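Asker: My questions all concern the structure below.
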Amino acid sequence: MKKRGLQDKVKLNNGVLMPQHGFGVYKIDNQADAEIAISKALEVGYRSFDTAQLYHNEGILGNLLQQSGVARDELFITTKIGDDNQGYDATLSSFEQSMKALKLDTLDLLLVHWPSQQHFFDTWRALERLYKEMRVRAIGVCNFNTSHLDRLANMATVVPAVNQIECHPYLTQYPLKDYLKQHKMIAEAWSPLGRGIVLDDPLLKTIANSYHKSPAQVVLRWHLQQDMVIIPKSITPSRIAENVDIYDFVLSDEHMTMIDGLNRDYRTGHDPDDVYLKI
C-alpha cells in the first residue's frame, strides 16, 4: 500500500499512464491567483492539471504552463467538453478552441463533463474521432452513473478510460466504483475533500491527530489507498504543499473502514440524473 509520491501513476485501459495525484483548477480564473497557485503546484511537484471549458481558465493555464519551462512530455493535461458545446460538430469545434487556449497539439485526456440526454451519442462519437485521429491520448466521461455507462456501452467503440465523479467520505460511491473497476475504467474524484465540508468531521479530526496529520491529508490518503485518482484544488500555497505531504504514512485497515462508515450519500454538486434530463 506504499505510495511513493506525485510520480505514482495509474495505467488506463489503453495503456496510457496517468498521474494518480493531480491539481484541479476549478474556480481559479483570476490571473493573479492562478499565477500563485500554478507556480506553487509546479514547485511541489504537480505535473497533472485538470481544467474544463466550463472553468473559463484554459487560456490562463496554457500560458502559465508554457511559461513554466516544464517540458511538455512531463505534463498530463485534462480538459472537458462543456454542456453548451455538446453534439458532434460543436464538440469538435470547441475542442479546437480548447487546444488553442491550452497551447497544445495533443491532449492527454478529454472528458464529457456531464451526461446529456439530447447529445449523448453524438458527443461521444466526436471524442472517439479525436481519439482515433490521435488528437487525444485518452477519452472518458465525468459524472456518469452506471445507467449512463450502460447506455454508452450500447454504441461506444472505445470504452471510456476514466469516469471523474464526486467522491469523498460523505459520498463514498462504492457501487459505482465497483462497476468502474469491473469494466476497467479508472475512478477519479473531483472535490475529493467534499468542498471542505468533511474537514470538520470529529472522526476525521481524531484519526488525523493519531497520525499527526490534518483531516485533509487523511482524506486524500484514504482516496489513494483505494487507487482513486485525485485532483485537489487550492489557491493557498501552504495548503497546496500540505496536500502533497501524504506519502509518509499509511492509514490502517481499521481507519479506512471507519472513514468508509461516514458515508451519507451527500452530494455537494448536482445529481447526474437530474443534469442528464435537462441537457
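Numbering (UniProt numbering), first residue to last: 1 to 279. Think of the CB as a built atom: it goes at the ideal place given N, C-alpha and C, for glycine as much as any other residue. No experiment lies behind these values; they were computed from the predicted model shown.
(1) Taking the alpha carbon of residue 287 as the point to measure from, which residue in Pro232, Trp222, Asp271 and Arg264 has its own alpha carbon closest?
(2) For the alpha helix (DSSP H) containing Ser234, name the first residue and the last one.
(3) What are the start and end residues of the beta strand (DSSP E) that includes Lys132?
(4) Go ahead and label Asn143 buried or exposed: buried means 16 or more other beta carbons lie within 10 angstroms of its beta carbon, across all protein chains shown.
(5) Rounded to whole angstroms, what's the CA-CA distance from Ser234 to Arg195? Just pull it up for me.
(6) Use the C-beta contact count for Asp50: other C-beta atoms within 10 angstroms, 16 or more gives buried, fewer gives exposed.
(7) Please confirm whether Gln86 and Ser39 have their CB atoms less than 8 Å apart.
(8) For the alpha helix (DSSP H) holding Trp222, just list the boundary residues, first then last.
(9) Under 8 Å: do the region 264–277 and the region 100–116 share three or more Cβ pairs, one atom per stretch?
(10) CA-CA distance, Phe120 and Ser98?
(11) Whole-angstrom Cβ separation of Leu204 and Pro215, contact assumed at under 8 Å?
(12) Starting from Gly59 and walking both ways along the alpha helix (DSSP H), at which residues does that stretch end?
(13) Please give the ranges of any beta strand (DSSP E) in the region 72–106, keeping only runs that are unbroken, at least 3 residues long and fully inside the region.
(14) Which residue from Gly45, Thr79, Asp83 and Ala90 puts its Cα closest to that of Ser68?
(15) Using alpha carbons as the reference points, say which of Glu43, Ala34, Ser48 and Ile186 lies closest to Asn63.
(16) With Gly229 and Gln20 assumed to form a contact (beta carbons below 8 Å), what rounded beta-carbon distance in angstroms separates them?
(17) What does the alpha-carbon distance come out to for the pair Pro232 and Leu171?
(18) In whole angstroms, what separates the C-alpha of Lys9 from that of Pro202?
(19) Would DSSP call Ile139 helix, strand or coil?
(20) List the DSSP bridge partners of His21.
(21) Suppose the cutoff is 6 Å on Cβ atoms and the five residues either side in sequence are ignored; what does the same chain contact list for Ala126 look like?
(22) Can you check DSSP and say which residues form a bridge with Trp190?
(23) According to DSSP, simplified to helix, strand and coil, what is Asp50?
(24) Alpha carbon to alpha carbon, how far is Gln225 from Ala41? Give it in angstroms, no decimals.
(25) Taking only the alpha-carbon atoms, compute the straight-line gap between Val218 and Ile28 and give it to the nearest angstrom.
(26) On a CA-only basis, which of Pro169, Arg4, Ile139 and Val162 is nearest Phe95? Give me that one, please.
(27) Please determine, among Ile60, Leu109, Thr157 and Phe23, the residue with the shortest C-alpha to C-alpha distance to Glu43.
(28) Across which residues does DSSP place Leu171 in a beta bridge pair?
(29) Leu109 by DSSP, collapsed to three states: which one?
Answerer: So, to answer that:
(1) Since the displayed the chain opens at 1 and closes at 279, residue 287 lies outside it and no answer follows.
(2) As a working note, residue 234 is residue 234 in the sequence shown. DSSP places Ser234 in no alpha helix (DSSP H); its state is neither H nor E.
(3) The count along the sequence shown starts at 1 and reaches residue 132 at position 132. Unbroken run through Lys132 is the alpha helix (DSSP H), Phe120 to Lys132; no beta strand (DSSP E).
(4) On the sequence shown, position 143 is the one that residue 143 refers to. Burial call: buried.
(5) If you number the sequence shown from 1, residue 234 lands on position 234. If you number the sequence shown from 1, residue 195 lands on position 195. If you take the alpha carbons of Ser234 and Arg195, they lie about 10 Å apart.
(6) Position 50 of the sequence shown holds residue 50. Label assigned to Asp50: buried.
(7) For the purposes of this step, residue 86 is taken as residue 86 along the sequence shown, with counting starting at 1. For the purposes of this step, residue 39 is taken as residue 39 along the sequence shown, with counting starting at 1. No, the pair does not count as a contact, with Cβ atoms beyond the cut-off.
(8) Within the sequence shown, residue 222 is the residue found at index 222, counting from 1. Taken as a continuous stretch (DSSP letters only), the alpha helix (DSSP H) holding Trp222 covers Pro215 to Leu224.
(9) Because the criterion of three Cβ pairs below 8 Å is met, the region 264–277 and the region 100–116 touch.
(10) Stepping through the sequence shown from its first residue, residue 120 is reached at position 120. Stepping through the sequence shown from its first residue, residue 98 is reached at position 98. Roughly 20 Å between the two C-alpha positions.
(11) What you label residue 204 is simply residue 204 of the sequence shown in a count that begins at 1. What you label residue 215 is simply residue 215 of the sequence shown in a count that begins at 1. Going by Cβ atoms, the distance from Leu204 to Pro215 rounds to 4 Å, so yes, they are a contact pair.
(12) Along the sequence shown, one-based indexing puts residue 59 at 59. Element bounds for Gly59: Glu58 to Ser68.
(13) Contiguous beta strand (DSSP E) elements confined to the region 72–106 occur at 76–81, taking only those with 3 or more residues.
(14) The residue labelled residue 68 in the question sits at position 68 within the sequence shown. Minimum Cα distance to Ser68 is reached at Gly45.
(15) Translated into the one-based positions of the sequence shown, residue 63 becomes position 63. Minimum Cα distance to Asn63 is reached at Ala34.
(16) Counted from its first residue, the sequence shown places residue 229 at position 229. Counted from its first residue, the sequence shown places residue 20 at position 20. Here residue 229 turns out to be Val, not Gly, going by the sequence shown. With a Cβ gap of about 5 Å, Val229 and Gln20 count as contacting.
(17) On the sequence shown, residue 232 is found 232 positions in, with the first residue counted as 1. On the sequence shown, residue 171 is found 171 positions in, with the first residue counted as 1. Counting only the Cα atoms, Leu171 lies some 16 Å from Pro232.
(18) The sequence position of residue 9 within the sequence shown is 9, counting from 1. The sequence position of residue 202 within the sequence shown is 202, counting from 1. Those two C-alpha atoms are separated by around 32 Å.
(19) Position 139 of the sequence shown, counted from the first residue, corresponds to residue 139. Ile139 falls in the strand class under three-state DSSP.
(20) As a position in the sequence shown, residue 21 is number 21, starting the count at 1. In the DSSP output, where bridge partners are listed per residue, His21 has Ile230.
(21) Looking up residue 126 in the sequence shown gives position 126. Excluding positions up to five away in sequence, the list reads Tyr88, Thr91 and Leu92.
(22) Along the sequence shown, read from residue 1 onward, the residue named residue 190 stands at position 190. As DSSP reads the structure, Trp190 sits in a beta bridge with Glu166.
(23) Counting from one through the sequence shown, the residue named residue 50 turns up at place 50. Reduced to three states, the DSSP call for Asp50 is strand.
(24) By one-based count along the sequence shown, residue 41 stands at place 41. By one-based count along the sequence shown, residue 225 stands at place 225. Distance between the alpha carbons of Ala41 and Gln225: 22 Å.
(25) Translated into the one-based positions of the sequence shown, residue 218 becomes position 218. Translated into the one-based positions of the sequence shown, residue 28 becomes position 28. Each residue's CA atom was taken as its position, placing Val218 and Ile28 some 24 Å apart.
(26) On the sequence shown, position 95 is the one that residue 95 refers to. Ranking the options by Cα distance to Phe95, first place goes to Ile139.
(27) In the sequence shown, the residue the question calls residue 43 occupies position 43. Per the Cα distances, Phe23.
(28) Against the sequence shown, residue 171 aligns to sequence position 171. Leu171 is bridged to His168.
(29) Taking the first residue of the sequence shown as 1, we reach residue 109 at position 109. Strand, per DSSP.
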